[in-house]
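*Asks:* Those protein sequence lines, which keep their order, are chains S and U. Each number in my numbering comes from the position in the first sequence (counting from 1) with 427 added on. Each number in my numbering comes from the position in the second sequence (counting from 1) with 427 added on.
Number of protein chains: 2
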Amino acid sequence: MPIGSNPIDATPAPPDPRDIPDATVARLPEYLHALHTLSEAGEKTISSEGLAAAAGVNSAKLRKDLSHLGSYGVRGVGYDITSLATHISSVLGLTRHRSVALVGAGHLGAALAGYAGFTKRGFAIVAMFDVAPELVGTTVGGLPVHHIDQLHKVVGAEGISIAIITTPPSAAQRVADSLVKAGVTSILNFAPCVLDVPDNVDVRKVDLAIEMQILSFHEHRKARDNAAIAQSVDKVA
Amino acid sequence: MPIGSNPIDATPAPPDPRDIPDATVARLPEYLHALHTLSEAGEKTISSEGLAAAAGVNSAKLRKDLSHLGSYGVRGVGYDITSLATHISSVLGLTRHRSVALVGAGHLGAALAGYAGFTKRGFAIVAMFDVAPELVGTTVGGLPVHHIDQLHKVVGAEGISIAIITTPPSAAQRVADSLVKAGVTSILNFAPCVLDVPDNVDVRKVDLAIEMQILSFHEHRKARDNAAIAQSVDKVA
DNA sequence: TACTGTGAAATGTTTCACAGCG
DNA sequence: CGCTGTGAAACATTTCACAGTA
């Protein structure tokens, strides 16, 4: 019998988190954010159309996404904002507090350490690490900077499972290895390089230059389209 | 006759950039980066297997991606690193130099302004904007900070078509409106909010809290899996 | 009636597996 | 022979359109 199946029990089928598509998971935080905003605005209830608009997707996609979490709407009415927010939070594992380590106390690291948006949405960077002697021992963004040798000790003591890498790419793989050895199982990587990690470790990558290059492609395409239109106008004229 | 078709000319079919899938476009910068690294290491030629490993994808995907750009490999040998890099650069529109505006001279904006990775990969932030009187007129990350009222003038003068928003979310929509009015057609948005822009404007969003929440989901799932395994071990024991 | 939830169709992406070429 | 390029199959995601329900 596969783990998680439930052949006898007649309870309403607790949706296995493995069955939620990745594309849906990536949008749940958007929905959650939109729900919080609506809640602060004093709304109690919202239609799929309204929530979809607030999250920047179409309503069919929103309804399909939410259907993966089970049935939480009321036909003819919409969704209860509070209870849907609670439910999405619990699916995302945000009920449990999560401590985060940040490795690389440069400009980007400092900016992230001071970023209120993390704290506001349930995460706390509890420790920073670097190798530079002039940084170790100081505080950056209100957080003490430890030497990277302390990683294993601090990660263990604070129960950290998520880390952010903002080092130069040349150091990133070594840092990732240390993090994995220390017990970290999720990494957000800002260094522009590919990280090699065991299967049980999740890595998400944010590469600013890549984002810019994708935009560049679209600029290039738009320029070509305009040129083509100009040419066909010329032809007609 | 559809724009871009070429019914008479017998040249090798210049692949229409519109036909390159989004998923492929998003990976081309990775391939380009890997090619540059290989080139610096003195390599001349690389197999699909080797390049795929360097870029962190599998080789079938890489070959399919490159096939959208036309045929640039040599069967039995691999790809010529220099010519493939040149070709990808040209598809991405990186042959043309691109000036970038950055709006929001806070910590994150300052970190990005000083980020060498941009310059190294063909982009130059040429102007920063903010509203805070204590910032306007100073230099941040080596760049003068203009008041946001100057946006239209500077964007026009510098021929800027790409902008980065690192303002608080409450200001982001207003900033986006000003950018669009000034002639910007691509935006990289770091503010955690949905931007409403005309169809001809491309927006890419980087939301750090969302990345963390996606990692949180995976942590949560792993914890459940472990619990399920522990339980089934208990049962057997 | 006004909405959600969802099969089914359409579209997009990845992977397979091998033909074909240098 | 070794490797690329690519149809075709498998898989994933999005969209459509409507049955069903409070």
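Note that beta-carbon positions come from the ideal geometry of N, C-alpha and C, so glycine has one too.
Check for me: the alpha helix (DSSP H) holding LYS632 of chain S runs from which residue to which?
*Replies:* It is not in any alpha helix (DSSP H) - LYS632 of chain S instead sits in the beta strand (DSSP E) that spans 629-632.
*Asks:* Do you know offhand how far LEU462 of chain S's Cα is from PRO444 of chain S's?
*Replies:* Straight-line Cα distance between these residues: approximately 21 Å.
*Asks:* Closest to GLY469 of chain S by C-alpha separation, out of S:ASP507, S:ALA537, S:HIS514 and S:GLN658, would be which residue?
*Replies:* GLY469 of chain S has its Cα closest to that of S:ASP507, out of S:ASP507, S:ALA537, S:HIS514 and S:GLN658.
*Asks:* In whole angstroms, what separates the C-alpha of ILE491 of chain S from that of HIS514 of chain S?
*Replies:* Position check: residue 491 of chain S holds Lys in this sequence, whereas Ile was assumed. Going by the C-alpha atoms only, they are around 16 Å apart.
*Asks:* Of all the beta strand (DSSP E) runs that stay within the bounds of the segment 581-610 of chain S, which reach a length of 3 or more residues?
*Replies:* Segments of the beta strand (DSSP E) lying fully in the segment 581-610 of chain S: 589-592.
*Asks:* Distance cutoff 9 Å, beta carbons only. Does THR438 of chain S sit that close to anything in chain U?
*Replies:* Low per-residue confidence applies at THR438 of chain S: pLDDT is 41, beneath 50, and the placement is therefore not dependable, though the value from the model is reported in the following sentence. Not one chain U Cβ lies under 9 Å of THR438 of chain S.
*Asks:* When you compare only the Cα positions, how much space is there between THR566 of chain U and HIS460 of chain U?
*Replies:* About 31 Å.
*Asks:* Suppose contacts are defined by Cβ-Cβ distances below 9 Å. Is ILE589 of chain U in contact with PHE644 of chain U by that definition?
*Replies:* No, the Cβ-Cβ distance between ILE589 of chain U and PHE644 of chain U is not below 9 Å.
*Asks:* So which residues of chain U does GLU638 of chain S contact, with C-beta pairs closer than 7 Å?
*Replies:* Correct list: LEU615, ARG631 and VAL633.
*Asks:* At 8 Å on the CB atoms, spell out the chain U contacts of GLY497 of chain S, in chain order.
*Replies:* Those within 8 Å of GLY497 of chain S in chain U number zero; the least Cβ separation is about 16 Å.
*Asks:* Would you give the residue range spanned by the beta strand (DSSP E) that SER613 of chain S belongs to?
*Replies:* Note, SER613 of chain S: beta strand (DSSP E), 613-616.
*Asks:* Kindly indicate if chain S contains any beta-carbon less than 9 Å away from that of VAL582 of chain U.
*Replies:* It does not; no Cβ of chain S falls within 9 Å.
*Asks:* Give the single residue among U:ASP629, U:ALA657 and U:ASP623 whose Cα lies nearest to the Cα of SER613 of chain U.
*Replies:* Comparing Cα-Cα distances from SER613 of chain U to each of U:ASP629, U:ALA657 and U:ASP623, the minimum goes to U:ASP629.
*Asks:* Report yes if the CB atom of TYR542 of chain S is closer than 9 Å to the CB atom of LEU535 of chain U, and no otherwise.
*Replies:* Yes. Within cutoff.
*Asks:* I need the straight-line Cα distance from ILE641 of chain U to SER526 of chain S, nearest angstrom please.
*Replies:* Their Cα atoms are separated by approximately 15 Å.
*Asks:* Chain S partners of ASN627 of chain U, CB-CB under 8 Å?
*Replies:* Within chain S, the residues near ASN627 of chain U are LYS649.
*Asks:* DSSP beta-bridge partners for ASP557 of chain U?
*Replies:* Per DSSP, U:HIS574.
*Asks:* Do ILE473 of chain U and GLY505 of chain U have their C-beta atoms closer together than 9 Å?
*Replies:* A contact, by the Cβ cut-off of 9 Å.
*Asks:* Against chain U, with Cβ distances strictly below 9 Å, would THR566 of chain S count as a contact?
*Replies:* Chain U contact via Cβ: absent.
*Asks:* Considering only C-alpha positions, which residue in the set S:PRO595, S:ARG631 and S:PRO625 is nearest to VAL607 of chain S?
*Replies:* It is S:PRO625 whose Cα lies nearest to the Cα of VAL607 of chain S.
*Asks:* One question on the structure: do ALA482 of chain S and VAL621 of chain U come within less than 9 Å of each other, judged by their Cβ atoms?
*Replies:* In contact: ALA482 of chain S and VAL621 of chain U (Cβ atoms closer than 9 Å).
*Asks:* Rounding to the nearest angstrom, what Cα-Cα distance links MET555 of chain U and GLY520 of chain U in this structure?
*Replies:* Roughly 23 Å separates the two Cα atoms.
*Asks:* Is the distance from the Cβ of LYS547 of chain U to the Cβ of THR509 of chain U below 9 Å?
*Replies:* The answer is no: Cβ separation not under 9 Å.
*Asks:* Residues of the segment 521-532 of chain S with a CB closer than 8 Å to any CB of chain U: list them in chain order, please.
*Replies:* Listed by position along the chain: LEU521, ARG523, ARG525 and VAL527.
*Asks:* List, in order along the chain, the chain U residues whose C-beta lies closer than 7 Å to that of PRO448 of chain S?
*Replies:* Within 7 Å Cβ-Cβ: nothing; PRO448 of chain S doesn't reach chain U, min ~12 Å.
*Asks:* Looking only at DSSP bridge pairs, what is THR566 of chain S linked to?
*Replies:* Paired residues: S:PRO571.
*Asks:* Of all the options U:ILE591, U:ARG651, U:ALA450 and U:GLY610, which has the alpha carbon lying nearest to the alpha carbon of LEU539 of chain U?
*Replies:* LEU539 of chain U has its Cα closest to that of U:ILE591, out of U:ILE591, U:ARG651, U:ALA450 and U:GLY610.
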